[in-house]
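Once you know that position 97 of the sequence shown is 135 in the working numbering, the rest is easy, because the numbers rise by one and skip nothing. Notes for the one structure printed next.
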Amino acid sequence: MHEQEQKTVNFPLIGTEAPHFVATTTQGEIKFPEDYKGKWSIIFSHPADFTPVCTTEFMTFQSMYEEFKALNTELIGLSIDSIHSHLAWLNAIRGYSWNGIENPQIEFPVIADLKMEVAEKYGMLQGESDTSAVRAVFFIDPESTIRTILYYPAALGRNFAEIKRILIGLQKADAESVALPANWEPGKDVILPPPGTCGAIKERVEKVKEEGYEMKDWFLTFKPDK
Numbered sequence: 039m040h041e042q043e044q045k046t047v048n049f050p051l052i053g054t055e056a057p058h059f060v061a062t063t064t065q066g067e068i069k070f071p072e073d074y075k076g077k078w079s080i081i082f083s084h085p086a087d088f089t090p091v092c093t094t095e096f097m098t099f100q101s102m103y104e105e106f107k108a109l110n111t112e113l114i115g116l117s118i119d120s121i122h123s124h125l126a127w128l129n130a131i132r133g134y135s136w137n138g139i140e141n142p143q144i145e146f147p148v149i150a151d152l153k154m155e156v157a158e159k160y161g162m163l164q165g166e167s168d169t170s171a172v173r174a175v176f177f178i179d180p181e182s183t184i185r186t187i188l189y190y191p192a193a194l195g196r197n198f199a200e201i202k203r204i205l206i207g208l209q210k211a212d213a214e215s216v217a218l219p220a221n222w223e224p225g226k227d228v229i230l231p232p233p234g235t236c237g238a239i240k241e242r243v244e245k246v247k248e249e250g251y252e253m254k255d256w257f258l259t260f261k262p263d264k
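Written as structure tokens, this is what we have:
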């Protein structure tokens, strides 16, 4: 008896260019990343339309839509369903109220990916199903580079506070050339890059005295978040 063949899944990698695609969506055709140059993007997949966990996630994403736009970030959803299924589901969602979210009208595009072309490029088809995408989240910067990847199983809804924290953290790290400690949240101390030479260590010690930074050791220095 032959063992069942394992399907090979190609995963995009952090630090590499986001895979290109042209897709039909609920907001018309999009070309990625060309249409999103200069902005951050969050591409996220869900297993199927008209499913309960996905519905709560779409309602939550829409409730935070303006918050993401204020962070120069666009949302792009995807599932392996038809455009007509997407439109019918999103129309149904407009009649729902949940968790303080009332009658949301989904404004971000949702990719129709019946041929699974985008899902395969982004490693969204995994061991749970050959025809349904896992709950993937890709954070892509304005230069079209993948910066963070999250994968969730179908049964577990995403943590949206964490999604927003990751985005803010990535933008802060880029803008200020700092690192962020465990459980960092906006307003908490950040970490200065460690010195790379003996002379730089001496300069760091002097700067700590001048600026009042908290230096645990030569390689671990905290400064207040501004």
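No residue lacks a Cβ here, since even glycine has one placed at the ideal position from N, Cα and C.
Which whole-angstrom value is the C-beta distance of residue i and residue j, which I expect to be below 8 Å?
i      : j      : result
Glu1   : Gln100 : For the chain, the structure presents residues 39 to 264; residue 1 sits outside this window and is missing.
Ile149 : Leu113 : So it is not a contact: roughly 11 Å between Cβ atoms.
Leu205 : Thr111 : 6 Å
Leu194 : Val216 : Wrong, their Cβ atoms sit about 31 Å apart, outside the cutoff.
Leu208 : Arg185 : 5 Å
Leu109 : Trp78  : 7 Å
Pro90  : Ser170 : Contact flag wrong, Cβ pair sits at about 14 Å.
Gln164 : Val47  : 6 Å
Met102 : Phe198 : 6 Å
Tell me which residues share the same chain as residue i and place their Cβ nearer than 6 Å to its Cβ, disregarding the 5 neighbours each side in the sequence.
i      : result
Asp151 : Leu116, Ile118, Ala157
Tyr189 : Val172, Ala174
Glu41  : Since pLDDT at Glu41 reaches only 47, below the 50 mark, its modelled position is unreliable, and the value read off the structure follows with that caveat. Hits under 6 Å: none found.
Met39  : Reliability fails at Met39, whose pLDDT of 41 lies under 50, so the model's placement of it is uncertain and no value is given.
Lys254 : none
Report all residues from its chain with a CB closer than 7 Å to the CB of residue i; omit the five preceding and five following residues, and keep chain order.
i      : result
Ile239 : Pro233, Trp256
Ile131 : Thr93, Phe96, Met97, Pro142, Ile144
Pro262 : Asp227
Thr124 : Strictly speaking, residue 124 in this sequence is His, with Thr absent from that position. Here the set comprises Thr64, Asp87, Val148, Ala150.
Tyr74  : Glu112
Glu166 : Val172, Pro191, Ala192
Lys69  : Val60
If you follow the beta strand (DSSP E) that residue i is part of, which residue opens it and which one closes it?
i      : result
Trp222 : Note, Trp222: premise wrong, no beta strand (DSSP E); not H, not E.
Thr46  : Note, Thr46: premise wrong, no beta strand (DSSP E); not H, not E.
Ala174 : 173–178
Ala238 : Unbroken run through Ala238 is the alpha helix (DSSP H), 236–249; no beta strand (DSSP E).
Leu188 : 184–190
Ala56  : From DSSP, Ala56 is part of no beta strand (DSSP E); its letter is neither H nor E.
Phe260 : 258–261
Met253 : 252–255
Over what stretch of residues does the alpha helix (DSSP H) that includes residue i continue unbroken?
i      : result
Lys210 : 198–214
Glu67  : First-last for Glu67: 66–70, but that is the beta strand (DSSP E), not the alpha helix (DSSP H).
Near residue i, what residues of its chain come up, given a Cβ to Cβ distance below 8 Å and the 5 sequence neighbours on each side ignored?
i      : result
Glu105 : Lys202
Leu258 : Ile229, Pro232
Pro219 : Lys226, Asp227, Val228, Ile229, Phe260
Ile52  : Ile184, Arg185, Thr186, Ile187
Lys107 : none
Cβ contact (3+ pairs, closer than 8 Å) linking the region 175–191 and the region 129–141 = no
message = At 4 residues or longer, what runs of the alpha helix (DSSP H) sit wholly inside the region 83–157?
response = Taking only runs of at least 4 residues, the alpha helix (DSSP H) segments lying wholly in the region 83–157 are 90–101, 103–108, 121–131.
task = Pair every Cβ in the region 52–61 with every Cβ in the region 158–177, then say whether three or more of these pairs are closer than 8 Å.
result = yes
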